[in-house]
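Asker: Dropping a structure here in structure tokens format, bear with me for questions.
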Amino acid sequence: MTIAKTIFLGAALALASTAASAHDYKVGSLHIVHPWARATAPSAEVGGAYMTIENKGKTADRLLGGSTPIAEKAEVHTMEMVDGVMKMHEVDGGLEIPAGGEASLAPGGYHVMIVGLKQPLKEGERVPLTLKFEKAGSVDVELAIEAFGAKESGKHDHSSMDKSMEKKN
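All residue numbers for the sequence shown refer to the numbering used here, where the first residue is 221 and numbers rise by one.
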């Protein structure tokens, strides 16, 4: 391999690793890892946002909700089985992010429900979302919009895996 090709390859790899890590965010002791959402139908009024929130601190925090210019509101929701029927509801008091732990927001479990969409979420786009935490305050993130049927960011059918987190209030 020539020196020019080696330098080009090295630069390309460096840029790729920078781009991959550019979709993580920090606020206080919290680290928000790859926030994403599924594409929605043109007439959809709601969408869900998913991510992992790691708490590197010594005290718990809470995700209270958020806001986005593309919707009326953003609330923390969960899915639960009630009398044999899967039901979704807002999480009273927000979602705890335990000290030294993490919270996984994933399809079928905890998520940020984006309510009153003013436009559809389109695959390949990035959408602004401000997350509000009880202690760490607010942080602006961008949601990477994945394929309509995505079960997990960048992946497809992993329905046998339980990604939900035990409810903590």
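All residues carry an ideal CB built from backbone N, CA and C; glycine is no exception.
Since I believe residue 343 is in contact with residue 259 (beta carbons under 8 Å), could you give me their beta-carbon distance rounded to a whole number of angstroms?
Answerer: For the purposes of this step, residue 259 is identified with residue 39 of the sequence shown, where counting begins at 1. For the purposes of this step, residue 343 is identified with residue 123 of the sequence shown, where counting begins at 1. That belief holds up - the Cβ atoms of residue 259 and residue 343 are roughly 4 Å apart, short of 8 Å.
Asker: When we look at the beta-carbon of residue 288 and count the other beta-carbons within 10 Å, is it buried (16 or more) or exposed?
Answerer: Numbered from 1 along the sequence shown, position 68 holds the residue referred to as residue 288. Buried, by the Cβ-count rule.
Asker: Does the segment 298-306 touch the segment 334-354, meaning 3 or more C-beta pairs lie closer than 8 Å?
Answerer: No: fewer than three Cβ pairs fall under 8 Å.
Asker: Shortest alpha-carbon distance to residue 299 belongs to which of 262, 315 and 252?
Answerer: Along the sequence shown, read from residue 1 onward, the residue named residue 299 stands at position 79. Residue 299 has its Cα closest to that of 315, out of 262, 315 and 252.
Asker: Go ahead and pull the three-state DSSP assignment for residue 251.
Answerer: Taking the first residue of the sequence shown as 1, we reach residue 251 at position 31. Strand at residue 251.
Asker: What runs of the beta strand (DSSP E), each 3 residues or longer, lie entirely inside the segment 271-329?
Answerer: 281-287, 293-302, 305-310, 315-317 and 322-325
Asker: For the 8 Å Cβ check, are there 3 or more pairs between the segment 272-281 and the segment 333-340?
Answerer: When C-beta atoms of the segment 272-281 are compared with those of the segment 333-340, fewer than three pairs fall below 8 Å, so the two segments do not count as touching.
Asker: Starting from residue 331 and walking both ways along the beta strand (DSSP E), at which residues does that stretch end?
Answerer: In the sequence shown, residue 331 corresponds to position 111, counting from 1. From DSSP, the beta strand (DSSP E) with residue 331 extends over 331-335.
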